[in-house]
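> The sequence shown: position 200 = 200 (UniProt numbering), numbered continuously.
All C-beta atoms, glycine included, are put in the ideal place defined by N, C-alpha and C.
Just dropping this structure here.
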Amino acid sequence: MAQEVRGVIAPGKDEPVRIETIVVPDPGPGEAVVKIQACGVCHTDLHYKQGGISDDYPFLLGHEAAGVVESVGDGVTDVAPGDFVILNWRAVCGTCRACLRGRPWYCFDTHNAEQKMTLASTGQELSPALGIGAFAEKTLVAAGQCTKVAPAASAEVAGLLGCGVMAGIGAAINTGNVGRGDTVAVIGCGGVGDAAIAGAYLAGASKVIAVDIDDRKLETARGMGATHTVNSRETDPVEAIRELTGGFGADVVIEAVGRPETYRQAFYARDLAGTVVLVGVPTPEMKLELPLLDVFGRGGSLKSSWYGDCLPSRDFPMLIDLHLQGRLDLGKFVTETIRLDEVEQAFDRMHAGDVLRSVVVL
Ligand code: APR
Ligand code: ZN
Ligand code: ZN
Numbered sequence: 001m002a003q004e005v006r007g008v009i010a011p012g013k014d015e016p017v018r019i020e021t022i023v024v025p026d027p028g029p030g031e032a033v034v035k036i037q038a039c040g041v042c043h044t045d046l047h048y049k050q051g052g053i054s055d056d057y058p059f060l061l062g063h064e065a066a067g068v069v070e071s072v073g074d075g076v077t078d079v080a081p082g083d084f085v086i087l088n089w090r091a092v093c094g095t096c097r098a099c100l101r102g103r104p105w106y107c108f109d110t111h112n113a114e115q116k117m118t119l120a121s122t123g124q125e126l127s128p129a130l131g132i133g134a135f136a137e138k139t140l141v142a143a144g145q146c147t148k149v150a151p152a153a154s155a156e157v158a159g160l161l162g163c164g165v166m167a168g169i170g171a172a173i174n175t176g177n178v179g180r181g182d183t184v185a186v187i188g189c190g191g192v193g194d195a196a197i198a199g200a201y202l203a204g205a206s207k208v209i210a211v212d213i214d215d216r217k218l219e220t221a222r223g224m225g226a227t228h229t230v231n232s233r234e235t236d237p238v239e240a241i242r243e244l245t246g247g248f249g250a251d252v253v254i255e256a257v258g259r260p261e262t263y264r265q266a267f268y269a270r271d272l273a274g275t276v277v278l279v280g281v282p283t284p285e286m287k288l289e290l291p292l293l294d295v296f297g298r299g300g301s302l303k304s305s306w307y308g309d310c311l312p313s314r315d316f317p318m319l320i321d322l323h324l325q326g327r328l329d330l331g332k333f334v335t336e337t338i339r340l341d342e343v344e345q346a347f348d349r350m351h352a353g354d355v356l357r358s359v360v361v362l
């Protein structure tokens, strides 16, 4: 039986979000219905609301979520009702070239649930944010979007791994491959940059240099494991990073802003054989010009990090276990917990830079 639950809808471009009754169908083959327990408020939800991602209104917002599987459709074997799970953006196929070569984050054939959730009032089909739609009491996803993790973790902490925090930690430990003793610089200390700092700390970096233009962000970065901070409004960050690394530059530089000037800083702040990891997302019109001789002469590598190059089945349970053992404090990323009807105000606070993460708890 399809069921009716409450969810947060973005009805049209720049219109305030509102709570509506939505219809969640029974899971079909390969699908699961998840009872949402917590879901973080992310910039991407705001971008959906503002029309920056697509025009497929109405959107069912929310995508950094954890909850308990309520029911599964035919053929689902990896998760079962009662499992505590973290949701990810897309189920991967497991059989394409990218999947078979161990890089499922580049899967050519990802999918979400086939059935649609609808608005109870009009019957209109909903577009779930990032194929999830978890600012709702329940949501319908592809079973492959659910990853089982240790149930002892709190849902508000677990859900964060579904997006920004995983992107940041993964940029450090997966894409950047930060190793014990490495020097690391992170440019931009929002939620993603802070998670990259926490990842570098976790991986045993000897120095973690945080760069931002806002002293409040640098203060928070220290709490995440930054050993040095640089305000790039006052100090040239490339010079400062070189100075802090014996004149060489950092082994790994992570760019978590998404602007040409910070990409450039990241490029020049790395050690000759170092790695630059680009996790900040640029806009289509942004360009960066570099002397080819500098690209050639400096060696090393320039990598972009897509969703932290994460493999949910490997990374989510591991990071939750490290959190439960007290070796990675994911609780630091939760600034406040809110109710489902407070998402609009949470967007304002996020926009003002007042919070790292507001998390809706259901
Ligand atoms: N130099 C250094 N830091 C900067 C600069 C700059 N020129 N401009 C902005 N910042 C800082 C801001 O002060 C803020 O602390 O970058 C940080 C950006 O943080 P958020 O806006 O909270 O963004 P976040 O969610 O962390 O995402 C960062 O990663 O995944 C991508 O799409 C995401 O492009 C975005 C980036
Ligand atoms: Zn997100
Ligand atoms: Zn695939």
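Between Glu4 and Ala120, which are expected to be in contact by the criterion C-beta below 8 angstroms, what is the C-beta distance as a whole number of angstroms?
Against the sequence shown, residue 4 aligns to sequence position 4. Against the sequence shown, residue 120 aligns to sequence position 120. Confirmed, about 5 angstroms.
> Tell me which same chain residues have a C-beta within less than 6 angstroms of the C-beta of Ala200, skipping the five on either side of it?
Stepping through the sequence shown from its first residue, residue 200 is reached at position 200. Within its own chain, the residues whose Cβ lies closer than 6 angstroms to the Cβ of Ala200, once the five positions on either side in sequence are excluded, are Ala172, Val178, Val184, Val208, listed in chain order.
> Which same chain residues end up closer than 6 angstroms to Gly51 when comparing Cβ atoms and leaving out the 5 residues on each side of it in sequence?
Locating residue 51 in the sequence shown gives position 51, counting from the first residue. The answer, listed in chain order, is Lys13.
> Quick check: does the Cβ of Ala337 come within less than 8 angstroms of any heavy atom belonging to ligand 2?
Indexing the sequence shown from 1 puts residue 337 at position 337. Ala is not the amino acid found at residue 337; the sequence shown has Thr there. Incorrect: Thr337 has no Cβ contact closer than 8 angstroms to ligand 2.
> Would the beta-carbon of Ser71 be found less than 8 angstroms away from any heavy atom of ligand 1?
Position 71 of the sequence shown holds residue 71. No; taking the cut-off as 8 angstroms, the Cβ of Ser71 has no heavy atom of ligand 1 nearer than that.
> Taking the straight line between their C-alpha atoms, what separation do you get for Gly258 and Thr283?
As a working mapping, residue 258 is identified with position 258 in the sequence shown. As a working mapping, residue 283 is identified with position 283 in the sequence shown. Between Gly258 and Thr283, the C-alpha separation is close to 8 angstroms.
> Please state if the CB of Ala198 and the CB of Gly168 are separated by a distance shorter than 9 angstroms.
If you number the sequence shown from 1, residue 168 lands on position 168. If you number the sequence shown from 1, residue 198 lands on position 198. Yes, Cβ-Cβ distance for Gly168 and Ala198 is below 9 angstroms.
> Do Val360 and Cys93 have their CB atoms nearer than 9 angstroms?
Sequence index remark: in the sequence shown, residue 360 carries index 360 (1-based). Sequence index remark: in the sequence shown, residue 93 carries index 93 (1-based). Against a cut-off of 9 angstroms, the Cβ pair of Cys93 and Val360 comes out as no contact.
> With three or more beta-carbon pairs closer than 8 angstroms as the criterion, would you say the segment 56-71 touches the segment 122-130?
yes
> Are there three or more Cβ pairs, one per stretch, closer than 8 angstroms when the segment 270-287 is compared with the segment 69-87?
no
> Quick one: is the Cβ of Thr44 within less than 8 angstroms of any heavy atom of ligand 2?
What you label residue 44 is simply residue 44 of the sequence shown in a count that begins at 1. Answer for Thr44: yes, Cβ within range of ligand 2.
> Alpha carbon to alpha carbon, how far is Arg270 from Val211? Give it in angstroms, no decimals.
One-based indexing of the sequence shown puts residue 211 at position 211. One-based indexing of the sequence shown puts residue 270 at position 270. Between Val211 and Arg270, the C-alpha separation is close to 14 angstroms.
> Give the DSSP-derived three-state secondary structure of Leu311 in the structure shown.
Your numbering for residue 311 matches position 311 in the sequence shown. Collapsing the DSSP output to three states places Leu311 in coil.
> State yes or no: is the C-beta of Asp78 within less than 9 angstroms of the C-beta of Cys189?
Start at 1 with the first residue of the sequence shown, and residue 78 comes out as number 78. Start at 1 with the first residue of the sequence shown, and residue 189 comes out as number 189. Taking 9 angstroms as the Cβ cut-off, Asp78 and Cys189 do not qualify as a contacting pair.
> Once the 5 residues before and after Pro237 are set aside, which same chain residues still bring their CB inside 6 angstroms of it?
Counting from one through the sequence shown, the residue named residue 237 turns up at place 237. Around Pro237: Val211, Val230, Gln265.
> Kindly provide the ranges of any beta strand (DSSP E) runs that are 3 or more residues long and lie completely inside the segment 42-129, ordered along the chain.
64-72, 84-87
> Do Phe267 and Leu290 count as a contact pair if the criterion is CB distance below 9 angstroms?
Mapped onto the sequence shown, residue 290 falls at position 290. Mapped onto the sequence shown, residue 267 falls at position 267. Yes, these two residues count as a Cβ contact at 9 angstroms.
> For a test of your reading of the model: does the CB of Gly30 fall under 8 angstroms from any non-hydrogen atom of ligand 3? Yes or no.
What you label residue 30 is simply residue 30 of the sequence shown in a count that begins at 1. Gly30: no, Cβ never under 8 angstroms from ligand 3.
> Give me the DSSP bridge partner(s) of Val23.
Translated into positions along the sequence shown, residue 23 becomes position 23. In the DSSP output, where bridge partners are listed per residue, Val23 has Glu4, Thr118.
> Ile320 and Ala150 look like a contact to me (Cβ under 8 angstroms); what is the Cβ gap, rounded to whole Å?
The count along the sequence shown starts at 1 and reaches residue 320 at position 320. The count along the sequence shown starts at 1 and reaches residue 150 at position 150. That pair is a contact at about 5 angstroms.
> Beta carbon of Thr258: closer than 8 angstroms to some heavy atom of ligand 1?
For the purposes of this step, residue 258 is identified with residue 258 of the sequence shown, where counting begins at 1. First, the amino acid is wrong: residue 258 is Gly here, not Thr. Gly258: yes, Cβ under 8 angstroms from ligand 1.
> Checking the sheet assignment: what are the DSSP bridge partners for Leu302?
On the sequence shown, residue 302 is found 302 positions in, with the first residue counted as 1. Leu302 is bridged to Val276.
> For Leu340, which residues from the same chain have a beta carbon less than 7 angstroms from its beta carbon, with the 5 sequence-adjacent residues on both sides left out?
Taking the sequence shown and counting its residues from 1, one reaches residue 340 at position 340. These residues qualify, in order along the chain: Arg6, Val8, Ile19, Phe135, Val360, Leu362.
> Quick one: is Glu243 buried, meaning 16 or more other Cβ sit within 10 Å of its Cβ, or exposed?
By 1-based counting over the sequence shown, the position of residue 243 is 243. Exposed, because fewer than 16 other Cβ atoms sit within 10 Å of the Cβ of Glu243.
> Across which residues does DSSP place Cys146 in a beta bridge pair?
In the sequence shown, counting from the first residue as 1, residue 146 sits at position 146. Beta-bridge partners assigned by DSSP to Cys146: Leu87.
> Whole-angstrom Cβ separation of Leu140 and Ala113, contact assumed at under 8 angstroms?
On the sequence shown, position 140 is the one that residue 140 refers to. On the sequence shown, position 113 is the one that residue 113 refers to. Indeed they touch by this definition, with Cβ atoms about 5 angstroms apart.
> Could you please give me the residues that DSSP links to Arg231 through a beta bridge?
By one-based count along the sequence shown, residue 231 stands at place 231. Rather than Arg, the amino acid found at residue 231 in this sequence is Asn. According to DSSP, Asn231 bridges with Asp212.
> Give a yes or no on whether the C-beta atoms belonging to Thr118 and Ile22 are separated by under 9 angstroms.
Numbered from its first residue, the sequence shown carries residue 118 at position 118. Numbered from its first residue, the sequence shown carries residue 22 at position 22. Yes, the Cβ-Cβ distance between Thr118 and Ile22 is below 9 angstroms.
> Alpha carbons only, please: which of Leu288, Cys99, Asp354 is nearest the one belonging to Asp214?
The sequence position of residue 214 within the sequence shown is 214, counting from 1. Taking only the C-alpha atoms, the option nearest Asp214 is Asp354.
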